[in-house]
Amino acid sequence: MEHCLFISDLHLCDSRPHITNAFIQFLEKTAAKAQALYILGDFFEYWAGDDVIEFGFHQPIINALKNLSTNGVKVFFMAGNRDFLIGKGFARATGLHILPDPSVIMLYGKPVLLSHGDALCTDDVAYLEFRAQVRNTAWQTQFLSQPLATRIATIEQLRIKSEQEKSTKSMQIMDVNAVAVGDCLRRFSYPPLFIHGHTHRPMQHFHTVDGKTCERWVLGDWYEQGSYLELSATSCTARKLAD
Ligand code: LP5
Ligand code: MN
Numbered sequence: 014m015e016h017c018l019f020i021s022d023l024h025l026c027d028s029r030p031h032i033t034n035a036f037i038q039f040l041e042k043t044a045a046k047a048q049a050l051y052i053l054g055d056f057f058e059y060w061a062g063d064d065v066i067e068f069g070f071h072q073p074i075i076n077a078l079k080n081l082s083t084n085g086v087k088v089f090f091m092a093g094n095r096d097f098l099i100g101k102g103f104a105r106a107t108g109l110h111i112l113p114d115p116s117v118i119m120l121y122g123k124p125v126l127l128s129h130g131d132a133l134c135t136d137d138v139a140y141l142e143f144r145a146q147v148r149n150t151a152w153q154t155q156f157l158s159q160p161l162a163t164r165i166a167t168i169e170q171l172r173i174k175s176e177q178e179k180s181t182k183s184m185q186i187m188d189v190n191a192v193a194v195g196d197c198l199r200r201f202s203y204p205p206l207f208i209h210g211h212t213h214r215p216m217q218h219f220h221t222v223d224g225k226t227c228e229r230w231v232l233g234d235w236y237e238q239g240s241y242l243e244l245s246a247t248s249c250t251a252r253k254l255a256d
């Protein structure tokens with residue numbers, strides 16, 4: 014049956030080659046049979062700018078995505094908090110299309126709301142302030158004008174700072190805020206389906222907003238085992254790579 018696939022939070026990096034291999038196998042065996050693949054952010058552990066494409070470990074990933082898109086599977090990418098610097102160079106190299114966060118797409122006659130999910134964590138005030146700063150175009154232009162080694166060094170320091178701060182934040186602060194979810198559903202005219210990642214807490218939730226019901230699916234990360242969501246005209250199913 015015709016279907017689309019959704020993934021997020023793979024955190025691909027050169028220190029976890031087994032995940033890169035699992036992803037490439039997933040493209041060849043599973044995504045190749047889909048109509049479209051939606052990558053909803055944190056695809057990479059971090060992205061320092063499209064000039065990293067020239068370096069080693071990205072190339073097999075780029076080739077596999079290019080192969081998939083050349084064979085007629087539409088590939089879409091939405092930025093996460095780790096890879097929002099992915100730009101036109103990466104899109105050109107892979108054949109994928111970049112979607113803004115959030116986006117509503119029509120699938121099988123139904124509007125589906127897509128997001129990475131970080132912007133819904135409205136209790137995490139320190140993160141949202143940081144997010145506002147780094148999503149600013151002028152800030153990004155200035156950051157990308159620095160040499161690659163300088164950018165990577167800054168990101169590594171930021172990762173340390175982020176881990177330190179996360180250890181002081183509660184699980185509730187780092188989850189999506191129910192009011193923010195409701196506001197988002199209202200803003201997009203109550204889509205019956207909402208798919209996002211970021212929290213690494215895979216789960217199906219139900220929301221009733223202004224009397225309208227919405228099913229919200231949270232995607233899982235790929236740290237232990239790869240997982241994806243499969244959507245067809247009749248069903249939405251969470252699957253693990255081994256299924
Ligand atoms: O990523 P994750 O899930 O572990 O944590 C996120 C939030 N942290 C981040 C930071 C990223 O992990 C860092 C890597 C991204 C690099 C992208 C390239 C851009 C370059 C930018 C260079 C300055 O997103 C974390 C959330 C958590 O999700 C749960 O939602 O809590 O947020 C934080 O921890 C942010 C802190 O609360 C605030 C950070 C202030 C940093 C101040 C600038 C420090 C600059 C250091 C270098 C000199
Ligand atoms: Mn994230």
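Residues in the sequence shown are numbered consecutively from 14, following our numbering.
Beta carbons: idealized from backbone N, C-alpha and C, even for Gly.
Please report the residue range of the beta strand (DSSP E) in which residue i lies.
i	result
Tyr51	49 to 52
Gln217	216 to 222
Thr212	No beta strand (DSSP E) contains Thr212, which DSSP labels as neither H nor E.
Ala251	249 to 253
His16	16 to 20
Tyr241	240 to 245
Trp230	225 to 231
Under the criterion of a Cβ to heavy atom distance below 7 Å, does residue i qualify as lining ligand 1?
i	result
Gln185	no
Asn94	yes
Asp137	yes
Gln170	yes
Val147	yes
Leu50	no
Phe156	yes
Thr83	no
Lys46	no
Ala162	no
Cys134	yes
Lys253	no
Tyr236	no
Phe106	The sequence given here places Ala at residue 106; Phe does not occur at that position. Ala106 Cβ: outside cutoff for every heavy atom of ligand 1.
Glu228	no
Thr221	no
Within 10 angstroms of the Cβ of residue i, are there 16 or more other Cβ atoms? Answer buried if so, exposed if not.
i	result
Val138	exposed
Leu267	Missing from the structure shown is residue 267; the chain here goes from 14 to 256 and no further.
Pro204	buried
Thr212	buried
Ala49	buried
Tyr140	buried
Pro113	exposed
Gly239	buried
Gly210	buried
Ile173	exposed
Val147	exposed
Tyr241	buried
Ser128	buried
Ala47	buried
May I ask you to check if the CB of residue i is nearer than 7 Å to at least one heavy atom of ligand 2?
i	result
Gly195	no
Asp22	yes
Gly54	yes
Asp131	yes
His211	yes
So the alpha helix (DSSP H) residue i belongs to, where does it begin and stop?
i	result
His31	30 to 42
Just confirm the distance between the C-beta atoms of residue i and residue j, as a whole number of angstroms; I'd bet it's less than 8 Å.
i	j	result
Gln185	Asp136	7 Å
Leu53	Phe19	6 Å
Asp63	Gly100	5 Å
Thr107	Lys79	5 Å
Glu98	Trp152	The identity of residue 98 in the sequence shown is Leu, whereas the question assumes Glu. The Cβ separation is near 11 Å, so there is no contact.
Asp22	Leu232	7 Å
Leu120	Leu244	6 Å
Leu254	Ala35	6 Å
Note down, one range per segment and in chain order, each alpha helix (DSSP H) of at least 4 residues found wholly within the stretch 68 to 146. 71 to 83, 101 to 107
Continuous alpha helix (DSSP H) assignments of at least 4 residues falling wholly in the stretch 140 to 191: 150 to 157, 161 to 179
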